[in-house]
Every structure is written in C-alpha cells, then in structure tokens.
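Enquirer:
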Amino acid sequence: MIEARGLTKRFGDKLAVDGLSFAVEPGRITGFLGPNGAGKTTTMRLILGLDRPTHGSVTVNGKDFRQLASPMREVGALLDANAVHGGRSAYNHLLCLAQTNNLPPRRVGELLELVGLTGVAGKRSKGFSLGMGQRLGIAAALLGDPAILMFDEPVNGLDPEGILWIRNLMKRLAGEGRTVFVSSHLMSEMENTADHLIVIGRGRLIADCSVAEFIEHNSAQAVRVRTPQPDALVAAVRRAGASVTAAGNAIVVQGMAADRVGDLAFANGVPLHELTPAQASLEEAFMELTAASVEFHAGEPAPAGAGAARDDAGAAHDDARAARDDAGGRVHTGGVA
Ligand SMILES: Nc1ncnc2c1ncn2[C@@H]1O[C@H](COP(=O)(O)OP(=O)(O)OP(=O)(O)O)[C@@H](O)[C@H]1O
Ligand SMILES: [Mg+2]
79 MIEARGLTKR FGDKLAVDGL SFAVEPGRIT GFLGPNGAGK TTTMRLILGL DRPTHGSVTV
139 NGKDFRQLAS PMREVGALLD ANAVHGGRSA YNHLLCLAQT NNLPPRRVGE LLELVGLTGV
199 AGKRSKGFSL GMGQRLGIAA ALLGDPAILM FDEPVNGLDP EGILWIRNLM KRLAGEGRTV
259 FVSSHLMSEM ENTADHLIVI GRGRLIADCS VAEFIEHNSA QAVRVRTPQP DALVAAVRRA
319 GASVTAAGNA IVVQGMAADR VGDLAFANGV PLHELTPAQA SLEEAFMELT AASVEFHAGE
379 PAPAGAGAAR DDAGAAHDDA RAARDDAGGR VHTGGVA
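Position one of the sequence shown corresponds to residue 79 (this note's numbering), numbered consecutively onward.
This is the structure we're talking about:
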C-alpha cells in the first residue's frame, strides 16, 4: 500500500506536484495517468525518497521509504532504465544489486530467465536496446520479491510481444496480491491493463476511480448509424434532443442511447443499415478530462496535398492516430473525434 497525503513538490517557481492525496491498494493494477509534465515521475521519485516533498507526505507500507530496513524486499521500482552502469553485464548488474541488498544470488538467474535476457546475461548493458534495458530494469525491480511494484512508463521501447508480456506480468503480480502502480501515457494500454486509475494534470489530482467509472463519467454517449434516409433520422433525433454529427457515410448521434435511436427510426419508418453504440475509448475520455491541464501543445503540421482526397472521417481518424503515435500525451486533439 502506498499512501500520499497532501503531497507537494516545488522546483523553484514550478509546482510539479500539487497537494496530491491518494492510496494505491494491493491486489490490483493502478494506472497513473497524466499528460507530459503532469508530475508522474516526480510523484514516483517522492515515493522512493529520491526527492523530498515540499509539503505533505507519502508512505510505503505505513513508513517513509527511507525508514525501510530492506527496501528492495518491500518496493521494486523501474523509473529510469538507463540508470545502469553500462560497463556491467546484465548478470553482474543484478548480482551487484542482490549482494548490496542482502538478497539471494540465485534470484539473478531466475529473474534473467523470467525477463528473457538469459541469452545476453554476459553482455554489457550499454549495448542493450531500449527494450532490453526495460527488461533488465524490470528484473531489478522484481529481485527482492517485493509486495509493491512501481513502473514508470515500462512499455516504452518494447515491441508488441514485449508489451503483451509486461501486461501479463503485471496482471499476474496483482493477482498474487501485490500492489502494482504503473504510469503510462498510452491510454489504450491502460484500458487493457489497469483496474484502477489515478489521473493527474499539472500536479493535481483529476480522478481516482475504476477504469469503467472513468469512461462512464468522462465521455459522451455516442451511437453510429447508417441509413439510406439520413435526413429523416437526423430530424427525428434532433427533435428528441440529441445532437448529430456526420462521419463519412454514417452519422453519429450524441446524447442518446442506441435503443432509443432504433425506436425513433422505427417510429419514423427509417430503415437502418447500422446501429452501433460507440463506447468512447479511455484515450478519448482522458483527452477530454485533461484538456484544461495539458501543458505542451504541438503545432499543427502543414497540410499535405496527398490527404485532400480522403473523406472526413478517414482524415480525422488518421490525424488522431498520428497525434498519438508521434507525440504521445503531448498532443490534445480536441476530445472525441
Ligand atoms: N529536478 C527538477 N527541476 C526542475 N523542474 C523539474 C524537475 N523535475 C521535474 N520538473 C518539472 O516538474 C514537472 C513534472 O515533471 P515530471 O517529470 O514529474 O512529469 P511526468 O508526468 O513524469 O511527465 P512525462 O509524461 O513527460 O514523463 C515538469 O514541468 C518538469 O519540468
Ligand atoms: Mg515521466
């Protein structure tokens, strides 16, 4: 269990963490979300005693991290995968950690196997790829068999197989009753991984709830409809108080359940070719919620002639995807596309 109370960190005139109070409970994966610069890494550093709070406090199993007698047995953390002596082999890096923390050396071989680095155990870590470095960092975090695990953006640099692997690893760790606290700007990743969410923006707590609650409270209800008589349906749903937007050859009805849209179509004799409740993704809900607290906005790219022939829906989809791929959480694309 990790507990923060009024946790605050100021760097000069920059308030990086602003009065955060939350608890990270055991037995589930808690996703820690926020746009770039929101204060996620700083919060994790405060938890690990690497920075001192300006105000407030944070405890690990009821104690200040610095008071823990055997920290690696209580908390395992991966904050910076590059924080490794590059001249040491993967094996020696872990062995060194085991020896200085009074952990059994046999764990080193077990962990290298678990993270899939046995084949390169004798290689110097400075030659490792980003993903290999992440795996080594995860091995180090698990070395003391701790009940609390904290990972700062662990999927950065991992290939799809690696992402699936770490997702399953975290689920297993939480299933064993451990506390798993993981930050990410990949909302789609959290949607598939986390049970609970703590969302921050500009150092402040924005939400502390389950993934399902988060989506429900932060996204508008939308239904995608295709019909050969769009004008009649648009008129009917507007009369009933819903709003409508065009999406290529379909229309999207906002603020009305799919059943009701279907009933209205039937009552007005409008045939339907598609009626799909569009559950907003966590990504969309997150962007909507943090819109006001996004600090770094990317500029608009110059329009490219090649995309002009695409239909509106395709272009919007591509733009949103490009924004996610290129800039992670830095970009705010303006809510639900
Ligand atoms: N040592 C420091 N000195 C001054 N400012 C700092 C320091 N560490 C962090 N900050 C500032 O505090 C804010 C929060 O940074 P932090 O790294 O915690 O954000 P983050 O949520 O981890 O972002 P990202 O998603 O980009 O990793 C930023 O504005 C950052 O510039
Ligand atoms: Mg960070």
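The C-beta atom is built at its ideal place from N, Cα and C for all residues, glycine as well.
In terms of alpha-carbon separation, which member of Asn-139, Ala-363, Gly-205 lies closest to Ser-167?
Expert: Taking only the C-alpha atoms, the option nearest Ser-167 is Gly-205.
Enquirer: In three-state terms, what does DSSP make of Glu-81?
Expert: The answer is strand: DSSP assigns Glu-81 an E or B state.
Enquirer: For the beta strand (DSSP E) that contains Thr-137, what are its first and last residues?
Expert: Run containing Thr-137: 133-138, per the beta strand (DSSP E) assignment.
Enquirer: Are the stretch 112-124 and the stretch 145-161 touching by the rule of at least three beta carbon pairs closer than 8 Å?
Expert: Contact holds: three or more Cβ-Cβ distances are below 8 Å.
Enquirer: Report the residue from Ala-272, Gly-187, Asn-296 whose alpha carbon sits nearest the alpha carbon of Glu-63.
Expert: Given that the chain is displayed from residue 79 to residue 415, the structure contains no residue 63 and the question cannot be resolved.
Enquirer: Out of Asp-96, Pro-113, Leu-85, which has the shortest C-alpha to C-alpha gap to Ser-261?
Expert: Checked all of Asp-96, Pro-113, Leu-85; the closest Cα to Ser-261 is Pro-113.
Enquirer: With Phe-110 and Phe-259 assumed to form a contact (beta carbons below 8 Å), what rounded beta-carbon distance in angstroms separates them?
Expert: 6 Å between Cβ atoms; contact.
Enquirer: Is it the case that the CB of Arg-113 approaches a heavy atom of ligand 1 more closely than 8 Å?
Expert: Reading off the sequence shown, one finds Pro at residue 113, where the question assumed Arg. Correct: Pro-113 has its Cβ closer than 8 Å to ligand 1.
Enquirer: Mark Ser-99 as exposed unless 16 or more other C-beta atoms lie within 10 angstroms of its C-beta, in which case mark it buried.
Expert: The residue is exposed, with fewer than 16 neighbouring Cβ atoms inside 10 Å.
Enquirer: How about the stretch 179-192 and the stretch 125-136: do they share at least three Cβ pairs that are nearer than 8 Å?
Expert: Too few Cβ pairs lie closer than 8 Å, so no.
Enquirer: Do the stretch 318-331 and the stretch 271-278 touch if we need at least three Cβ pairs shorter than 8 Å?
Expert: These segments do not touch.
Enquirer: Quick check: the stretch 218-238 against the stretch 196-204, are there 3 or more CB pairs under 8 Å?
Expert: Taking 8 Å as the limit for Cβ pairs, the verdict is that the stretch 196-204 does not touch the stretch 218-238.
Enquirer: Hey, how far is the Cα of Val-162 from the Cα of Leu-247?
Expert: The alpha-carbon atoms of Val-162 and Leu-247 are separated by roughly 22 Å.
Enquirer: Out of Lys-87, Arg-106, Asn-327, which has the shortest C-alpha to C-alpha gap to Gly-134?
Expert: When only C-alpha atoms are compared, the closest one is Lys-87.
Enquirer: Helix, strand or coil for Gly-117, going by three-state DSSP, please let me know.
Expert: Coil at Gly-117, not helix or strand.
Enquirer: Tell me where the alpha helix (DSSP H) around Ser-418 begins and ends.
Expert: The requested residue 418 does not occur in the structure, where the chain is confined to residues 79 to 415.
Enquirer: Using a 10 Å radius around the Cβ and a threshold of 16 neighbouring Cβ atoms, would you call Val-409 buried or exposed?
Expert: Summary for Val-409: the model assigns pLDDT 29, below 50, so the residue's position carries little reliability; its value from the coordinates is reported in the next sentence. The residue in question, Val-409, is buried, as its Cβ has 16 or more Cβ neighbours within 10 Å.
Enquirer: Could you tell me if Ala-387 is buried or exposed, where buried requires 16 or more neighbouring beta carbons within 10 angstroms of its beta carbon?
Expert: Here Ala-387 scores only 41 on pLDDT, less than 50, and its place in the model should not be relied on; the value that follows carries that caveat. Result: exposed.
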